[in-house]
Amino acid sequence: MFLTTAPMDQLCPAANEIRKHFCGNSFDICTIINAKSGKCSEDCKFCAQSSHYHTSTEAYPLLDTDKILEEAKYNDVRGVLRYGIVTSGKNLTDAEVDKLCNSIRAVTKETSIQVCVSCGLLTEPQFQKIKRAGATRVHNNLESSPCYFQQVCTTHTTAEKVATLKAAKRAGLSLCSGGIMGMGETMEDRIDMVLLQRKLGIKSIPVNMLNPIPGTPYAHNQVLSNEEMCRTVAIFRFLIPDASIRLAGGRGLLPDKGEACFRSGANAAISGDMLTT
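First residue of the sequence shown: 268, per our numbering; consecutive thereafter.
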């Protein structure tokens, strides 16, 4: 646990050197589209899309292929490497998966961008369809440690998330899984989360900072400091030296927009809109 108390002027440069050694100076940029919004059955306390809370989030069904393709083309010509299609809800119906696959096929045919999906707790046969359509990666955040996640959400479990990630891997898809910092968890919870992600072989780890959403149970949580986020990123780099540690939601709340985190071991980012924030 030395890393949790190490001086920042030693910890962050050391993490950056680890990043240089294992990952070089390459930088991975992805973007996401909110392809289905709101009316989610799950009760994740951080989420503006949960039907359990009263927020101002717009609700709409799965977008048509034309809209998903339009956004993909916009990002492709701007050099974005990966395009994540994100949907609200615990999972998708088979009919929705078929519609999603049509969109994936269109994107892979008409752009050079890599397609990722983040669609909840899908099954292995559904992932196989998505893989055949042309997607290359599945995203499913663990959000926090298995122990603390029980306080974040009561409608599904870390075990279900792990089973989903394993099903996606069996279907031949690469994995992306991160978490949200600032929900009341300890640094030990964050470390436990990353150790589980390391065990699962995950090499893309989005690091989100909680953006407190009015109407959710975490509406009044204190926003984390720049130092806390830099320490978190640096520790993650020590734990998974060769991963893409990806600054994601909440980066805009940092006074330097994440610049110090990029000097503390982060080497990737999500650009553009962040779903509901």
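Note that CB positions come from ideal geometry on N, CA and C, so glycine has one too.
Given the structure is predicted, the values throughout are model-derived calculations rather than measurements.
- By the neighbour-count definition (other C-beta atoms within 10 Å, threshold 16), Asp-523 is an exposed residue.
- Residue nearest to Gly-291 within the set Gly-539, Phe-529, Ile-537, Ser-538 is Phe-529 (criterion: CA-CA distance).
- Between Asp-509 and Arg-286, the alpha-carbon positions lie close to 7 Å from each other.
- For Ala-435, the CB contacts under 7 Å within the same chain, skipping 5 residues up- and downstream, are Phe-394, Val-405, Leu-442 in chain order.
- If you draw a straight line from the Cα of Leu-278 to the Cα of Phe-503, it is about 11 Å long.
- In this structure Phe-416 is buried. Its beta-carbon is surrounded by 16 or more other beta-carbon atoms within 10 angstroms.
- Secondary structure at Arg-504: helix, using DSSP grouped into helix, strand and coil.
- Within the segment 336 to 414, the complete beta strand (DSSP E) runs of at least 3 residues fall at 349 to 354, 381 to 385, 404 to 406.
- In the three-state DSSP reduction, Val-474 falls in the strand class (E or B).
- With 16 or more other Cβ atoms inside 10 Å of its own Cβ, Ser-385 counts as buried.
- Counted as a single uninterrupted DSSP element, the alpha helix (DSSP H) harbouring Ala-434 occupies residues 425 to 437.
- For Met-275, the enclosing alpha helix (DSSP H) starts and ends at 275 to 290.
- Leaving aside the five residues that flank Ile-371 on each side, the residues in its chain whose CB is nearer than 8 Å to its CB run, in chain order, Ile-352, Val-382, Val-384, Ile-397, Ala-400, Gly-401, Ala-402.
- Counted as a single uninterrupted DSSP element, the beta strand (DSSP E) harbouring Leu-514 occupies residues 511 to 514.
- Bounds of the alpha helix (DSSP H) holding Lys-466 are 454 to 466.
- Going by beta carbons, Thr-322 and Ile-480 fall inside the 7 Å limit.
- Ala-373 has its alpha-carbon roughly 33 Å from the corresponding atom of Asn-478.
- If you look at Ala-533, you'll find it isn't in any beta strand (DSSP E); DSSP assigns it neither H nor E.
- At a Cβ-Cβ threshold of 7 Å, Met-454 and Thr-271 count as neighbours.
- Ala-273 has its alpha-carbon roughly 35 Å from the corresponding atom of His-423.
- Take Leu-348, set aside five residues on each side of it, and the residues of its chain with a beta-carbon closer than 8 Å to its own are Asp-295, Ile-296, Cys-297, Ile-380, Gln-381, in chain order.
- Taking the C-beta atoms as reference points, Asn-493 is found nearer than 7 Å to Ala-527.
- Per DSSP, the beta bridge partners of Ile-447 are Asn-475.
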